[in-house]
Each structure stands twice: as C-alpha cells, then as structure tokens.
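Sequences listed follow chains C and S, in order. Terminal number for the first sequence in this note's numbering: 416, no gaps in between. Terminal number for the second sequence in this note's numbering: 610, no gaps in between. Just so you know, even glycine gets a beta-carbon here, dropped at the ideal spot from N, CA and C. A quick write-up on the structure given underneath.
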Amino acid sequence: MWTLSGGSYSAVLMVEKQYNMPDARGRFGPYGGAYVPETLVPVLDEITKAYKAVRRDKAFQQEFKHLLETYVGRPSPLTFATRLSEQFGRKIWLKREDLNHTGAHKINNALGQVLLAKRLGKKRIIAETGAGQHGVATATACALLGLECHVYMGAEDMRRQQPNVYRMRLLGAECIRVDAGTATLKDAINEALRDWVTNVEDTHYIIGSALGPHPYPMMVRDFQSVIGKEARKQILKSEGVLPDLIVACVGGGSNAIGIFHPFIKDKDVRLVGVEAGGRGSDLGDHAARFEGGRLGVFQGTSSWVLQNEDGQITGTHSVSAGLDYASIGPEHAWLRDLGRAEYMSCRDDQAIAGLHLVAEKEGIIPALESAHAFGALPELVESVPEGGVIIVNVSGRGDKDVAEVARYEGVQL
Amino acid sequence: MSNKENRIKKTFKALHKENKKAFIAYIGAGDPHLDATVEMVCAMAEQGVDIIELGVPFSDPMADGKANQAAAERGLASGTTLRGVLEAVRRIRERCQIPILFFTYLNPILAYGAEQFAQDAVEAGVDGLLPLDLPPEEDPTFLKVMKQAGLATVHLAAPNSTVDRRQTLAKRSRGFLYYVCRLGVTGERTSLPEDLAEQVASLKTSASIPVCIGFGISTPEQAALAASAGDGVIVGSHLVNIIAENGSNPDLVTLVANRAGELAAAVHGV
C-alpha cells in the first residue's frame, strides 16, 4: 500500500498535461496528506477553505503584492555573477533572496500567512524556526501587522544562531527554547504543534517550510513561488532564453519549490535540489533524505524520512541549521518520482568552500543553507553545455552565520 | 476473525450487565523496561482495571504532554521496539486476558509493515489500536488491513470536532470512541471541562459504540465525575508520573496497580 507510484510514464503525463498538484486531499502522488491529531482536523479544514478563498481574492492578493514590493523590496534582483561565470564557463545568475528585508526568502511566506491569519481572525501567531530566519521573518510580519508572536527554537539552534534569537526579541516576539529530543528544528515543530492543539481557537501556526499537513505544503509553495515567477521573467529579459539549470538548497524545501514551481512545465529546464550531506553518510551525520531515508509519516505529512529500522526518527547533522531536518517537503518527493526534479547532496566542507567562493568572487556572503547550492556547483556545471545558463537561488544572506563559519574553521573572533 | 474485537466488546457487555462504567489505564510500554510492563499490566488487571492502553514509544510524540514524552524517552532508552512490545503482549497473554490496545503514532507501524504488524499483533493477542496521527479518511487501506486482521481501530473525537465529523468518527471507530475531553496534549489537569456531560451526550447520540473519556483525568474524584458522563474513563499521565517517580522502587508494580485499582473502584462505583 505504500508503493511509490510515478516513474517516467506518469512524469510525461503529469508534466505535459497540466501539473496541478496537490489533489483535493492534499496529496502529491503517495506523498503529503494530513496526518494529525483529531483536534487539528477542523482547523486545517478552516485554513484550507480560507486559503482557497484568498487565492482568488483580488484585495488579498493586492495587499500581499503591495507588501512584497514596498516592504520586502521585491522583485529581488537577478544578478549576473561575472567572475563565477568566467571561472565555470557558464552564464551564472543569482536570484537574490538574500536582499529581501530580513535577509532571506522566508519573509514571503511569513507575510502571506500573517495576512491569512488576520482574515481568520486569529490573534496569536506561533512558529518554529531552525536557522532563525523563519522566526525572524514571522516576528517581523507580526510586528508589522500587529499580532502576538511566539517562536519555538531548539536549544542547539539557539546556540548556533544567537543573533537571530535576539533579533526576534527586538521585534517583540517571544523566543521559546526547546530542550526536548535533539533540540533542533524537528523538536521545535513538535512543541509548536503541542501549543497549537492547545490554543487552536485563537492561534495560527505559521509553518516555515513546504512541510507539515495539508494545506501547508501547497500554501507555502504558493507564497514562495513569487521567487520563480520573477526569476522566469528576469532571465527571459536578460538572456532571452530559459535557463538550462536551476539550483537551490533543500531543507524542508520552500526556497527550492518557490523557484522550481513556475518552471515545472518548462521541460528543458533542469531543476536540482541540494540536500545537506553533513559530515558523512552514516545515519545521524547528514540530512540527505533521498540518500539515507525512506517513506514514512512524520509531523503531519508522508514523505521521505530519515529513520531507523524501528521507525524512530533519527537525528540529523548539518553545518547549516536550516537544512538540519529529517524529512523533506512532499512535493519534492513527488517531483523526484516524476523525474521532473533531481536531488543531490553537498557535504559541510563543500558548502563552506561554496560560501568562500561566492564571497571572494562576487562579494556576496550567502547563508550556509544557500552555500550548499554553490557547493554543488562545481559538479553540476559539468552537465551544462559551455555557455549555458544557470540560476542559483541565493535563499538568504550569511550575516547570521559568520560566527558559525569561524567556529567551523577554528577561528577565534 | 473478529474474536479480538470481541475481547473489548465482551468487556463492555459484562460491565453493562452490572451497570458499570469501564476504567481504562494507560502506561508507556518499556517504561522503565518491558518486564515491568508485563507485571504492571497483569497486576492492574487483578486490581480491576478493565482495558489497557499501551503506549508504543516514539521519538517525536507531537500529541503528548511532558509526562508521556518522558515515558517514551525512557521506553526508547530501555531498548523498546514495536517488536518488543508485541513480545511483551505474548507474555501477558500467558497470564491474563485483559483487552489491550496500542496507543501509537503511525510511523513505527509503517516501518514494521502494516500488514505484518496486523498479523503479528493479532497473533500476539493485541485487540486494537489508537493511531494518534491518523484521521480516519487519511489512509483507508491501512484501516482496512487492521480491520481484516481483526484489530479494532479506535478513533479520537475532540471538543472542536464538528457535528458531521463526530458522526463520521463515531461510525468508523471500533471498540469504543475516545473522547479527548479538552484541546491540547495528554497530561494531568486539576479540573474537568464544565461542558463535559453535554459534549459526551451529544456524541452518544451518534455513537452506537461506547464513548470513553480521556486527557487530563488524574484523581478518583475526576474519574468518577467523568464516568457519570460517559461509558468509560481513561487515565494515563497520572499513572505514568507514578512510574517516573518510582522507576527503581522495588514496589513499583504494587504502587501503580494499587493506584489504578483506586481509580477503577471509583469508576465502578458510579
């Protein structure tokens, strides 16, 4: 019953007809769904209904667009990476989500969901955060739109991302430390879910990635797809052609699905997601779900999950807190089955090398998450013809990671 | 085929005859170790507990409060696996026939293999399961596999479940319907919700099976009060906390069984 459907036959069907996922029950093939305690069923139904309504609501979409333009600073530029292009012999363009207000793509989804929460009449917002970027984005959106905000964060992540913890506090949000389990993102999500089932009447939970129960993977994707829509227009304007390749890092996968989604029907554009290869291939040493995981149900959704033979979720490791998660957004699993997107992994050391490369060649310090996309570049360019066009999604900026990089390299600041 | 479901049915039938409500005790399997689990279940059965819920330890118990989270951690630390819990049930069955349900998250069962699990569970003497993160419409195939093997799948209804939803849950639940009497996670609370009787009465209009009440019930007084509203009462975290405090106490089994006995007596006295 848990067989993977898909393969190339349905890939052709799905992509040539119309890619219109998820289905009414929130499924992407065998993935997705809403595996939640019964208390959350009514509220997920309510969110699904409200979200369907705002999707078509001009006033809502205008307000969202207005905030993206005048507050976030969209459209984010598509920057030609001159020196990287020289080095690799391909035209490399950077989608600059690092230039968004709050420094990452996370603000797109946070604003969309806070607007939705206001429509739902909710007074209180909760969120989880790994790298802290989603927490900061949510705290920011709540400050802007006047809602109370509580952010759950694993103790280990708080240590790694001190500046973001304080930023959330400055923005008037409460950052709640989670010591349970591995004290990272998955444990923060568990705590947020516990808060939500308790306070479901007045609280909206803003999940930060294309994860969790339906309708979150769809909703987060839609709010993030502004990245790909802009990139598509921008590259056509600058190069006159669609890119040969788009590369993005994948934790839960929101920046990746955001840039991939508007290109899904462009069959000749290769979409590559880069997972965290961590420090090795043993279970617990990485977050490469497609390499070390298998099908499971975790935190509300069915997807590839890093787990032991007894179905216990295993710890993960990545130098980047934002990729340090045991499961992957269900739509990525489906795109992979369809053969429409490919996934690979990049180790900690390769990501750090990627960060140095972009910093020194382009004057951009990417977030450690985004650095994984650059870490994969030397291998990926080989498959692109010389002179071909590549877009790398710079999902966030690396200011928050400066201390962590120094620590990784044994440098005392 | 459904003789296992009958162990639950039989229990409710016998209680009904005597005009008594059911007392259901929850403990985390393998906390502090599976040998103790076996002893506690048998001792609780002797003290008048009607049905046992065994928590299958899971690394990420998102619907559980601190007490059950800690119990799951202790269970995993003592090396407890789903396979091990099934083996413990086999040992229990050599000694007593109290109905046993697994209170579980879905993933450990999927990892074991749903069909294999259903077969092994029935063979071991498990009567049913309460999948915490599986709303009934989410995986009909899974539920069918459980049913065909003869396992009763108990569904949970919540205070915010709509009228339609309550009817669906009541119709699909087997053995009994579990009413989660408050929003939130498992754990002890000092009082019962004021609208409990009203809520349960509304559920009972759509349920042809017994409605049992759980989440946050700790004392014999609360248990008796809840029992007067429904067909049975579930106490979990309170017993789990006793285990937490007495993990290495040689009297652990007696302490837990005696407290469960007091709660059972309070429920049976209603």
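- It is roughly 11 Å from the alpha-carbon of ARG59 of chain C to the alpha-carbon of GLN65 of chain C.
- At least one CB atom of chain C sits nearer than 8 Å to the CB of PHE398 of chain S.
- Burial check for LYS360 of chain S: the Cβ neighbour count within 10 Å reaches 16 or more, so the residue is buried.
- The beta carbon of ASP404 of chain C lies closer than 7 Å to those of ALA370, LEU371 in the same chain, with the five residues before and after it left out.
- CA-CA distance, MET222 of chain C to ALA37 of chain C, rounds to 14 Å.
- Here ASP182 of chain C is not near ALA324 of chain C, since their CB atoms are 8 Å or more apart.
- Per DSSP, reduced to three states, the secondary structure at CYS152 of chain C is strand.
- Under the DSSP assignment, SER306 of chain C falls in the beta strand (DSSP E) whose first and last residues are 304 to 308.
- GLU389 of chain C carries a coil assignment under DSSP once its states are collapsed to helix, strand and coil.
- ARG347 of chain S sits in a helix when the DSSP states are folded into three classes.
- For ALA510 of chain S, same chain residues with a beta-carbon under 6 Å away, outside a window of 5 residues either side, are LEU517, SER546, ALA547 in chain order.
- The DSSP-derived three-state label of PRO369 of chain C is strand.
- A check of alpha carbon separations from MET380 of chain S across S:GLY609, S:LEU595, S:ALA604, S:LEU603 identifies S:LEU595 as the nearest.
- For THR85 of chain C, the uninterrupted alpha helix (DSSP H) segment begins and ends at 85 to 91.
- For the pair LEU47 of chain C and VAL57 of chain C, the CB atoms are not nearer than the 8 Å cut-off.
- Under the DSSP assignment, SER542 of chain S falls in the alpha helix (DSSP H) whose first and last residues are 536 to 546.
- Among the residues of chain S, those whose CB is under 7 Å from the CB of ASP313 of chain C are THR421, LEU422, PRO448, ALA451, following chain order.
- In the three-state scheme derived from DSSP, where H, G and I count as helix and E and B as strand, LEU214 of chain C is classed as coil.
- Here ALA410 of chain S is actually not in contact with ALA600 of chain S; their C-beta atoms are around 19 Å apart, not less than 8 Å.
- Considering only beta carbons, the part of the stretch 34 to 54 of chain C lying closer than 9 Å to chain S consists of GLY36, ALA37, TYR38, VAL39, PRO40, GLU41, THR42, LEU43, VAL44, PRO45, VAL46, ASP48, in chain order.
- Each residue's CA atom was taken as its position, placing GLN164 of chain C and TYR219 of chain C some 25 Å apart.
- Here SER321 of chain C is buried. Its C-beta has 16 or more other C-beta atoms within 10 Å.
- Within the DSSP bridge table, the entry for LYS94 of chain C names C:VAL392 as partners.
- Note that the C-beta distance between GLU312 of chain C and ALA461 of chain S is not below 8 Å.
- GLU233 of chain C sits away from LYS94 of chain C, with the two beta carbons spaced by 8 Å or more.
- For the stretch 502 to 517 of chain S, residues whose beta-carbon sits nearer than 8 Å to a beta-carbon of chain C comprise THR502, ARG505, LEU509.
- Contacts with chain C at 8 Å (Cβ-Cβ) do not include GLU538 of chain S.
- GLU100 of chain C places its beta carbon 8 Å or farther from that of VAL395 of chain C.
- Restricting attention to S:PRO372, S:VAL429, S:LEU496, the CA atom closest to the CA of VAL593 of chain S is found in S:PRO372.
- In the structure shown, the three-state DSSP call for SER348 of chain C is strand.
- Interface flag for ARG197 of chain C against chain S is set, since a Cβ pair is found closer than 8 Å.
- Under DSSP, ILE209 of chain C takes part in a beta bridge, and its partners are C:ALA130.
- With contacts defined by Cβ atoms closer than 8 Å, VAL250 of chain C and ALA379 of chain C form a contacting pair.
- The straight-line gap separating the alpha-carbon atoms of GLN310 of chain C and THR73 of chain C is approximately 43 Å.
- Counting only residues of its own chain and dropping the five nearest sequence neighbours on each side, ARG77 of chain C has a CB closer than 6 Å to the CB of LEU71.
- As the crow flies, the alpha-carbon of ALA354 of chain S is around 20 Å from that of LEU491 of chain S.
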